[in-house]
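In mature numbering (1 follows the signal peptide of the UniProt record, and there is no 0), the protein residues as written are -24 to -1, 1 to 693.
These notes are about the structure you will find just below.
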């Protein structure tokens, strides 16, 4: 996922207008139209599957049987009709899944091309949905581009084994500065890469109509599947003001391999018997219900509000005492799907709830301990409206942004109040701690106005975050392999990338590394870069603001307004992987999901009580040397995430004397107990009694009060 810096918006907008005007003058498609606007309108005009020449005739139903079970929908679902006059890619389902150019199953050495404009536009960049860097002429451009513009150019994929090819999906070049796409192409196949056969329409070469702009994927299904090892896409025409540039995905099934000769390198097969498929909103709700019925004693389903489209935002609780907060037990949350088209996180949470239920029932001690000592909340679909939009089109055809926003066009993850700038302004004016605390920063009045553009989903999340005493949380996102931690906004005005650490930078780095280091790929230095950034060099983690600045993120809001430390996990290069890739993605992330949950038990915990043993709510817990405090929950219990070491901890509350003690945090998982008992000073107690009986407390100046007390001592002698 790539966030754009606000400082670039103005020049980019002007550039888009200029290019769009030029396109209109040429009488061609406006390639740089706002993609968000395009998706809010209709895609049918772009998604028509045509051929420039008539396809070979076939008997009714001859090939329809192969398309009866949509690749993205389970076999129990009602198949969509294939008898419409104009078949869209949603109707024309391939019997074979994508081979994996987008998901990186296909290695760079399997991609070849007739020529290349430069290295950054080489064949290895010709992957569906690959994103370019901000600047041209670097190593990370957004497509394969031919070195010459003529009909002899080709893009080749070596499947490395006999494969049944069923179709091709194409996009144009991802670029802020160029408009390049192919409008038609031929397809050629070979078994030896020397002798090639072109797919035919009778005696003529079969020509497929392709893209009309550069971002929306276009799928073409072959009239008849073909078997070969190599496949080439041979552009025949392209945008008149651009060049031959393509991003490609090939649809194909490997042929039977009884001797397992072609077993893919490092291929992962899961042993977990889970529901590995994409779920519609109704299917998600049904799955949650099934898991709840399997484990009724440790699970609960509830909703935190509704989406703009009226869909309930369902959460799934896992705890040995569901529905209740237990004193001393920390609360943890995973959320996913704030960007509706980033689907992998949603499915990972649905798999996680199944896994934890089954493992708990089977007596897995690790899972039992986690369930009995933690209250876990899973919110798999923050933006169900966006998900339904992306799901309807399908994983390979939703592009990079269809379904990302809420129904009213809001990016939910970055729709929170910008509290970091509020805090920094208060620090600059020296208002902390005299007039404002360094934690639980209040929400600005302007944000709560009815005229403020705030999504219903955002307000529901904020109310949920304020209600539950969460200690640690993570939002699962897609499109990259990295963990980011606050701050997400740069402190220096106008700077788009800058290391901007929180006072808790050390523990945030540990939390991020705990996920990245246990993920199968994040810290692998030999893995291929997803798009433009090599995060493996940074151990798979990065400070959010040093990647790209973003105001009003969920992570910053959670840290500054609540006790919860929130991180973002980008769990896969492919935002919307095909469901046949879900088992491997589950194996990639399963251990990381469990390890990160266990980190909620790192640091110190305890209860702040008065002298009568009653818990004190909203008491402030301060750690010497860390300029960020946390508060106690309603029962007086608290949790403070810390790295191993010895800390001086202070508890204080309004009307009470403060108390301090040394607390030591070990290396093993398990928070150190650090309780406090604080009492009221005499003067505070007198004021409380007088206020109780509607009498004004005596307010003597300090010097007068000291003189009065000295006089009492003299009289006493």
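Ideal Cβ placement from N, Cα and C applies to all residues, glycine included.
Exposure label - residue i; buried when at least 16 CB within 10 Å
| i | result |
| --- | --- |
| residue 156 | buried |
| residue 167 | exposed |
| residue 171 | exposed |
| residue 438 | buried |
| residue 95 | exposed |
| residue 501 | exposed |
| residue 128 | exposed |
| residue 203 | exposed |
| residue 545 | buried |
| residue 422 | exposed |
| residue 407 | exposed |
| residue 71 | buried |
Check whether residue i and residue j have beta carbons under 7 Å apart
| i | j | result |
| --- | --- | --- |
| residue 89 | residue 221 | no |
| residue 629 | residue 592 | yes |
| residue 228 | residue 139 | yes |
| residue 392 | residue 520 | no |
| residue 194 | residue 160 | no |
| residue 467 | residue 476 | yes |
| residue 597 | residue 623 | no |
| residue 516 | residue 499 | yes |
| residue 148 | residue 187 | yes |
| residue 563 | residue 244 | yes |
| residue 116 | residue 508 | yes |
| residue 281 | residue 289 | yes |
| residue 645 | residue 600 | no |
| residue 418 | residue 609 | no |
| residue 208 | residue 164 | yes |
| residue 374 | residue 366 | yes |
Spatially closest choice to residue i from the options, by CA coordinates
| i | options | result |
| --- | --- | --- |
| residue 317 | 293, 327, 281 and 370 | 370 |
| residue 587 | 566, 579 and 634 | 634 |
| residue 153 | 161, 219 and 126 | 219 |
| residue 79 | 561, 642 and 595 | 561 |
| residue 454 | 506, 404 and 413 | 506 |
| residue 178 | 199, 245, 594 and 417 | 199 |
| residue 99 | 544, 487, 360 and 131 | 131 |
| residue 252 | 618, 557, 211 and 185 | 557 |
| residue 534 | 458, 462 and 367 | 462 |
| residue 248 | 331, 644 and 434 | 331 |
| residue 460 | 345, 93 and 543 | 543 |
| residue 213 | 125, 107, 526 and 345 | 125 |
Same chain, Cβ closer than 6 Å to residue i, neighbours up to 5 away in sequence not counted
| i | result |
| --- | --- |
| residue 322 | 312, 313, 356 and 357 |
| residue 632 | 654 and 656 |
| residue 354 | 292, 310, 325 and 329 |
| residue 315 | 380 |
| residue 295 | 351 |
| residue 639 | 580, 623, 625, 648 and 650 |
| residue 134 | 86 and 206 |
| residue 389 | 314 and 530 |
DSSP-derived helix/strand/coil call for residue i
| i | result |
| --- | --- |
| residue 514 | helix |
| residue 131 | strand |
| residue 223 | strand |
| residue 547 | strand |
| residue 628 | strand |
| residue 604 | strand |
| residue 322 | helix |
| residue 336 | helix |
| residue 463 | coil |
| residue 116 | coil |
| residue 588 | coil |
| residue 48 | Note that residue 48 scores 34 on pLDDT, short of 50, meaning its location in the model is unreliable; the coordinates nonetheless yield the value given after this. In this structure, residue 48 counts as coil in the three-state DSSP scheme. |
| residue 527 | coil |
| residue 575 | helix |
| residue 85 | helix |
| residue 742 | As displayed, the chain neither begins before -24 nor continues past 693, which places residue 742 out of reach and without an answer. |
| residue 541 | strand |
| residue 56 | Reliability fails at residue 56, whose pLDDT of 34 lies under 50, so the model's placement of it is uncertain and no value is given. |
| residue 417 | coil |
| residue 264 | helix |
Contacting residues, own chain, Cβ-Cβ under 7 Å from residue i (five flanking each side not counted)
| i | result |
| --- | --- |
| residue 384 | 284 and 431 |
| residue 287 | 257, 360 and 361 |
Beta-carbon contacts of residue i that lie in its chain and below 8 Å, excluding the five residues immediately before and after
| i | result |
| --- | --- |
| residue 479 | 414, 602, 603 and 604 |
| residue 497 | 457, 503 and 564 |
Residue i Cβ short of 6 Å to the ligand GDP heavy atom set
| i | result |
| --- | --- |
| residue 516 | This structure simply doesn't include the ligand GDP, nor any ligand for that matter. |
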